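**Student:**
Protein chains: 2
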Amino acid sequence: MVAGHGNLMDAGPKSRSERRREDTRRKLMRAAYEIIADRGLEGLVIQEITQFADVGYGTFYNHFPSKDAVVDAVIESALLRILEISDRLGEIMPDPVEAFGMDMRICLHGSRTDRVWGWFLIRSTLSRGQRLRLGIADSLKQSIEEGVAAGHFKCDDIEMARHTIGGLILLGTINLVSVTMPDDYEGRLVTTALKSLGISAAKIESVLAKPHPELNLPPFLEAIDDL
Amino acid sequence: MVAGHGNLMDAGPKSRSERRREDTRRKLMRAAYEIIADRGLEGLVIQEITQFADVGYGTFYNHFPSKDAVVDAVIESALLRILEISDRLGEIMPDPVEAFGMDMRICLHGSRTDRVWGWFLIRSTLSRGQRLRLGIADSLKQSIEEGVAAGHFKCDDIEMARHTIGGLILLGTINLVSVTMPDDYEGRLVTTALKSLGISAAKIESVLAKPHPELNLPPFLEAIDDL
Numbered sequence: 005m006v007a008g009h010g011n012l013m014d015a016g017p018k019s020r021s022e023r024r025r026e027d028t029r030r031k032l033m034r035a036a037y038e039i040i041a042d043r044g045l046e047g048l049v050i051q052e053i054t055q056f057a058d059v060g061y062g063t064f065y066n067h068f069p070s071k072d073a074v075v076d077a078v079i080e081s082a083l084l085r086i087l088e089i090s091d092r093l094g095e096i097m098p099d100p101v102e103a104f105g106m107d108m109r110i111c112l113h114g115s116r117t118d119r120v121w122g123w124f125l126i127r128s129t130l131s132r133g134q135r136l137r138l139g140i141a142d143s144l145k146q147s148i149e150e151g152v153a154a155g156h157f158k159c160d161d162i163e164m165a166r167h168t169i170g171g172l173i174l175l176g177t178i179n180l181v182s183v184t185m186p187d188d189y190e191g192r193l194v195t196t197a198l199k200s201l202g203i204s205a206a207k208i209e210s211v212l213a214k215p216h217p218e219l220n221l222p223p224f225l226e227a228i229d230d231l
Numbered sequence: 005m006v007a008g009h010g011n012l013m014d015a016g017p018k019s020r021s022e023r024r025r026e027d028t029r030r031k032l033m034r035a036a037y038e039i040i041a042d043r044g045l046e047g048l049v050i051q052e053i054t055q056f057a058d059v060g061y062g063t064f065y066n067h068f069p070s071k072d073a074v075v076d077a078v079i080e081s082a083l084l085r086i087l088e089i090s091d092r093l094g095e096i097m098p099d100p101v102e103a104f105g106m107d108m109r110i111c112l113h114g115s116r117t118d119r120v121w122g123w124f125l126i127r128s129t130l131s132r133g134q135r136l137r138l139g140i141a142d143s144l145k146q147s148i149e150e151g152v153a154a155g156h157f158k159c160d161d162i163e164m165a166r167h168t169i170g171g172l173i174l175l176g177t178i179n180l181v182s183v184t185m186p187d188d189y190e191g192r193l194v195t196t197a198l199k200s201l202g203i204s205a206a207k208i209e210s211v212l213a214k215p216h217p218e219l220n221l222p223p224f225l226e227a228i229d230d231l
C-alpha cells in the first residue's frame, strides 16, 4: 500500500473525472466500513450503503458488482493495513521480540484511539465471513513460528500460542471499545502474551519501554486505488 | 433454576390459560434468542420477534414491557444457565481443578453440539450490551481467585489470567461454530488454559481423562417461569 501510495503520486495529476470516481468509491467503502462497525455485516443491503454514502443507488454498480464485493474490498483493505503495520515494524525494529510486542501494542492502541476501527475489527472478525479473522490468525501464527525457529520464543503448541495471543487481542479490543480501560491495559496484555511465549520479565520491560515509532502510513481507506 | 424447576412441579397442575401464557412467553424468548444468534441484537425490533414467534404484535406487551426486556430476559437466562453448570460441577466434582477444567470443556463442547447456542454466546458477548460478557468474566475471575487462594492455581495477575482463559474460550467458541474443528480441540484449549494457571501436565491429563458428567439440567429456555 505504501508503494501504491507512491505510485499514485508518480502517475501524475489525475483528471477531475478520475478523482471524482475515486472519491465515490472511497465514500462507498467508508459507508460499508462504518455500517459494519456499527452493527455488523449481517443483513447489510446496498441501499443502506448508498444512502449512508449519499450516492445514488445505480452509481453503486459503477464501482462494485455486488454488496459482497464492497464488503470484501473493505475487509481486504483492513487486513492489508494490519499486515502493513507488521511489515513496517519488522523493517524499523531489528529485534523481533520488540517488533512483535510493538505490533500488539499498536494494534490494541488503535482500537482505544479509534473505536470505529475497533468495532469494525470485532464485528468483522466475528461475522460468518472469516477472511479477516483467518488473515490475522495466519499472520500471528507466522510471527510465532518465526520467533520459535529463531529461538526467541518458547512454545510447545504454536496453534494454541496463537489462540492465547489472538484471544487476548480480541478480548482486549472488546474491552477497549466498550469500557474506559486504565492506561496500562495494553501493556498488561502484551506482558501476558510475551510471558506465554517464554519471554523474561526484564526483556518484557524493555519491550514496553520503547516509544511508539512513527509509521507514516496514509489514513485508512484513503489510498484506495491500490486495491 | 433447579430449585425453580422443582417449584414448578410443586405448584401443582396449571390451568390451560397459565400454560398457554407460559408457552407464548417462551416462544417470544426463543424467537429473540434465535434472531440474536443469527445476526446479533443491534437493530432488533419487536415486530421481528413476534413474526418469528408467530405471535400477534399486541400480545408481546402482555409478556414484556419492551424489546430490551425480552432481550434482557434471554441474556439473564443464558447467564443463569452458565452459572448453574459451574455450580452443579462444583457440587459433583470435589477436586476444584477438575471442576474448572470440566466447566471449560462443557462450555466449549456446548457450542460444538449446538451452533445456535454458540452464535448466541458470541453475538451477545460482543454486542454493546455487556451483561453476558461481564457476568461470565466475573464468574471466571471468582473461580480463578478461589483456585489461587486455595493454592491450586499459580498466577501473578488474576485479571490477566481471566483475560487469557476468557480469550481462549471466546476464540475457541468462534472456531467451533464457524469451522469443523478436530475432536481434540476443546482438550487442547483446556490444556492451554490450565497450563497458564501453573497446573502440571500430569494433572491436566487426569482432568481431561474424566468423562463428561450427567448434569440433568432442563433444556435451555424451557423452565422460563423461574425468571
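Taken in sequence, the protein lines are chains A and B.
Counting in this note's numbering, the first sequence runs from 5 upward without gaps.
Counting in this note's numbering, the second sequence runs from 5 upward without gaps.
A virtual CB, placed ideally from N, CA and C, is assigned to each residue, including glycine.
Model, not experiment: these values are computed from the prediction.
With three or more beta-carbon pairs closer than 8 Å as the criterion, would you say the region 95-105 of chain A touches the region 207-214 of chain A?
**Tutor:** Contact holds: three or more Cβ-Cβ distances are below 8 Å.
**Student:** Write down every uninterrupted run of the beta strand (DSSP E) in the region 16-46 of chain A whose length is 3 residues or greater and which is fully enclosed by it, in chain order.
**Tutor:** Those beta strand (DSSP E) runs which fall completely within the region 16-46 of chain A and span 3+ residues do not exist here.
**Student:** Counting along the chain, where does the alpha helix (DSSP H) carrying residue 170 of chain B start and finish?
**Tutor:** Position 166 of the second sequence holds residue 170 of chain B. Where residue 170 of chain B is concerned, the enclosing alpha helix (DSSP H) stretches over 162-182.
**Student:** Would DSSP call residue 131 of chain B helix, strand or coil?
**Tutor:** In the second sequence, residue 131 of chain B corresponds to position 127, counting from 1. The answer is coil: DSSP assigns residue 131 of chain B none of H, G, I, E or B.
**Student:** Can you name the residues of chain A whose CB is closer than 7 Å to the CB of residue 47 of chain B?
**Tutor:** The residue labelled residue 47 of chain B in the question sits at position 43 within the second sequence. Within chain A, the residues near residue 47 of chain B are 43.
**Student:** Who are the near neighbours of residue 35 of chain B in its chain, counting only those whose CB is closer than 6 Å to its CB and skipping five residues on each side?
**Tutor:** By one-based count along the second sequence, residue 35 of chain B stands at place 31. For residue 35 of chain B, where only same-chain residues beyond five positions count, the Cβ hits under 6 Å are 53, 56 and 57.
**Student:** Spell out whether any CB of chain A is found under 8 Å from the CB atom of residue 187 of chain B.
**Tutor:** For the purposes of this step, residue 187 of chain B is taken as residue 183 along the second sequence, with counting starting at 1. For residue 187 of chain B, the answer is no, since every Cβ of chain A falls outside 8 Å of its Cβ.
**Student:** Straight-line CA distance for residue 8 of chain A to residue 115 of chain B?
**Tutor:** Translated into positions along the first sequence, residue 8 of chain A becomes position 4. Translated into positions along the second sequence, residue 115 of chain B becomes position 111. Residue placement at residue 8 of chain A cannot be trusted, given a pLDDT of 42 that sits under 50; what the coordinates show is reported in the next sentence. The alpha-carbon atoms of residue 8 of chain A and residue 115 of chain B are separated by roughly 43 Å.
**Student:** What distance in whole Å lies between the Cβ atoms of residue 221 of chain B and residue 46 of chain B, which are believed to be in contact at a cut-off of 8 Å?
**Tutor:** On the second sequence, residue 46 of chain B is found 42 positions in, with the first residue counted as 1. On the second sequence, residue 221 of chain B is found 217 positions in, with the first residue counted as 1. Contact flag wrong, Cβ pair sits at about 30 Å.
**Student:** If you measure between the beta carbons of residue 184 of chain A and residue 122 of chain A, is that distance less than 8 Å?
**Tutor:** Taking the first residue of the first sequence as position 1, residue 184 of chain A is located at position 180. Taking the first residue of the first sequence as position 1, residue 122 of chain A is located at position 118. The answer is no: Cβ separation not under 8 Å.
**Student:** Given 8 Å as the limit, is there contact between the region 188-203 of chain B and the region 158-173 of chain B, that is, 3 or more CB pairs closer than that?
**Tutor:** Yes, the region 188-203 of chain B is in contact with the region 158-173 of chain B.
**Student:** Which stretch, first to last residue, makes up the alpha helix (DSSP H) that contains residue 115 of chain B?
**Tutor:** Taking the second sequence and counting its residues from 1, the one referred to as residue 115 of chain B is at position 111. Taken as a continuous stretch (DSSP letters only), the alpha helix (DSSP H) holding residue 115 of chain B covers 100-117.
**Student:** At a cut-off of 7 Å, is residue 183 of chain A close to the ligand PLP when judged by its beta-carbon and the heavy atoms of the ligand?
**Tutor:** The model on display carries no ligand, and the ligand PLP is accordingly not part of it.
**Student:** Using 8 Å as the limit for Cβ to Cβ distance, is residue 27 of chain A near chain B?
**Tutor:** Numbered from its first residue, the first sequence carries residue 27 of chain A at position 23. Not closer than 8 Å to any Cβ of chain B, the Cβ of residue 27 of chain A fails to qualify, so no.
**Student:** With a 10 Å radius around its C-beta and 16 neighbouring C-beta atoms as the bar for buried, classify residue 11 of chain B as buried or exposed.
**Tutor:** For the purposes of this step, residue 11 of chain B is identified with residue 7 of the second sequence, where counting begins at 1. For residue 11 of chain B, the predicted structure reports a pLDDT of 47, less than 50, and the residue's modelled location is therefore unreliable. A value from the coordinates is still provided. It counts as exposed.
**Student:** What's the gap between the Cα of residue 62 of chain B and the Cα of residue 72 of chain B?
**Tutor:** The sequence position of residue 62 of chain B within the second sequence is 58, counting from 1. The sequence position of residue 72 of chain B within the second sequence is 68, counting from 1. When rounded, the distance between both Cα atoms is 16 Å.
**Student:** Is it buried or exposed, residue 90 of chain A, if we count other Cβ atoms within 10 angstroms and call 16 or more buried?
**Tutor:** Walking along the first sequence from the start, residue 90 of chain A turns up at place 86. Burial call: buried.
**Student:** Which bits of chain B does residue 167 of chain A rub up against, with CB to CB less than 9 Å?
**Tutor:** What you label residue 167 of chain A is simply residue 163 of the first sequence in a count that begins at 1. Within 9 Å Cβ-Cβ: 171, 172, 175, 176, 179, 192, 193 and 196.
**Student:** Could you tell me whether any Cβ in chain A is nearer than 8 Å to the Cβ of residue 212 of chain B?
**Tutor:** Within the second sequence, residue 212 of chain B is the residue found at index 208, counting from 1. By this cut-off, residue 212 of chain B is not an interface position.
**Student:** Find the residues of chain B that neighbour residue 134 of chain A, judging by a C-beta separation of less than 8 Å, and give them in chain order.
**Tutor:** Here the question's residue 134 of chain A lines up with position 130 in the first sequence. Near residue 134 of chain A (Cβ distances below 8 Å), the residues of chain B are 182 and 183.
**Student:** On the three-pair Cβ rule with 8 Å, is the region 28-43 of chain A touching the region 65-83 of chain A?
**Tutor:** Touching, yes, given that three or more Cβ pairs across the two stretches are closer than 8 Å.
**Student:** Counting Cβ pairs closer than 8 Å, one from the region 140-147 of chain B and one from the region 160-167 of chain B, do we hit at least three?
**Tutor:** Because the criterion of three Cβ pairs below 8 Å is met, the region 140-147 of chain B and the region 160-167 of chain B touch.
**Student:** For the alpha helix (DSSP H) that residue 205 of chain A lies in, which residues bound it at each end?
**Tutor:** Position 201 of the first sequence, counted from the first residue, corresponds to residue 205 of chain A. Segment 205-213, the alpha helix (DSSP H) holding residue 205 of chain A.
**Student:** Report the three-state DSSP secondary structure of residue 150 of chain A (helix, strand or coil).
**Tutor:** As a first step, residue 150 of chain A is located in the first sequence; it is residue number 146 there, counting from the start. Reduced to three states, the DSSP call for residue 150 of chain A is helix.
**Student:** So, at 8 Å on beta carbons, what are the nonlocal neighbours of residue 86 of chain A in its own chain, with the 5 sequence-adjacent residues on each side left out?
**Tutor:** As a position in the first sequence, residue 86 of chain A is number 82, starting the count at 1. For residue 86 of chain A, where only same-chain residues beyond five positions count, the Cβ hits under 8 Å are 111, 139, 140 and 143.
**Student:** List the residues of chain B that residue 200 of chain A touches, going by C-beta distances under 8 Å, in chain order.
**Tutor:** Position 196 of the first sequence holds residue 200 of chain A. Those within 8 Å of residue 200 of chain A in chain B are 168 and 200.
**Student:** Check distances from the C-beta atoms of the region 150-161 of chain A to those of chain B and list, in chain order, the residues that come in under 8 Å.
**Tutor:** Listed by position along the chain: 161.
**Student:** State buried or exposed for residue 82 of chain B, treating a residue as buried only when at least 16 other CB atoms are found within 10 Å of its CB.
**Tutor:** In the second sequence, counting from the first residue as 1, residue 82 of chain B sits at position 78. So residue 82 of chain B counts as buried.
**Student:** Considering only residues of the same chain and omitting the five flanking positions on each side of residue 179 of chain B, which have a CB-CB separation below 6 Å?
**Tutor:** The residue you call residue 179 of chain B lines up with position 175 of the second sequence. The residues are 185.
**Student:** Going along chain B in order, which residues have a C-beta closer than 7 Å to the C-beta of residue 108 of chain A?
**Tutor:** Here the question's residue 108 of chain A lines up with position 104 in the first sequence. Those do not exist, as residue 108 of chain A stays about 13 Å from chain B at its closest Cβ, beyond 7 Å.
**Student:** When you compare the CB of residue 130 of chain B with every CB in chain A, is at least one pair closer than 8 Å?
**Tutor:** Sequence index remark: in the second sequence, residue 130 of chain B carries index 126 (1-based). Yes, residue 130 of chain B lies at the interface with chain A (some Cβ there is under 8 Å from its Cβ).
**Student:** Scan the region 117-128 of chain A for residues whose Cβ lies nearer than 7 Å to a Cβ of chain B and list them as they occur along the chain.
**Tutor:** If the cut-off is 7 Å between Cβ atoms, the region 117-128 of chain A has 126 near chain B.
**Student:** In the structure shown, what three-state DSSP assignment does residue 188 of chain A receive?
**Tutor:** To locate residue 188 of chain A, count along the first sequence from 1; it is residue 184. Looking at residue 188 of chain A - three-state DSSP - the assignment turns out to be coil, as it is neither helix nor strand.
**Student:** What's the gap between the Cα of residue 205 of chain A and the Cα of residue 124 of chain B?
**Tutor:** Within the first sequence, residue 205 of chain A is the residue found at index 201, counting from 1. Within the second sequence, residue 124 of chain B is the residue found at index 120, counting from 1. When rounded, the distance between both Cα atoms is 39 Å.
**Student:** Starting from residue 33 of chain B, find everything on chain A with Cβ-Cβ shorter than 9 Å and list it in chain order.
**Tutor:** What you label residue 33 of chain B is simply residue 29 of the second sequence in a count that begins at 1. The premise fails here: residue 33 of chain B is roughly 21 Å from chain A at the closest Cβ pair, so nothing lies under 9 Å.
**Student:** Comparing alpha-carbon positions, which option in A:162, A:65, A:44 and A:42 lies nearest residue 50 of chain A?
**Tutor:** Taking the first sequence and counting its residues from 1, the one referred to as residue 50 of chain A is at position 46. If we check each option's Cα against that of residue 50 of chain A, A:65 comes out closest.
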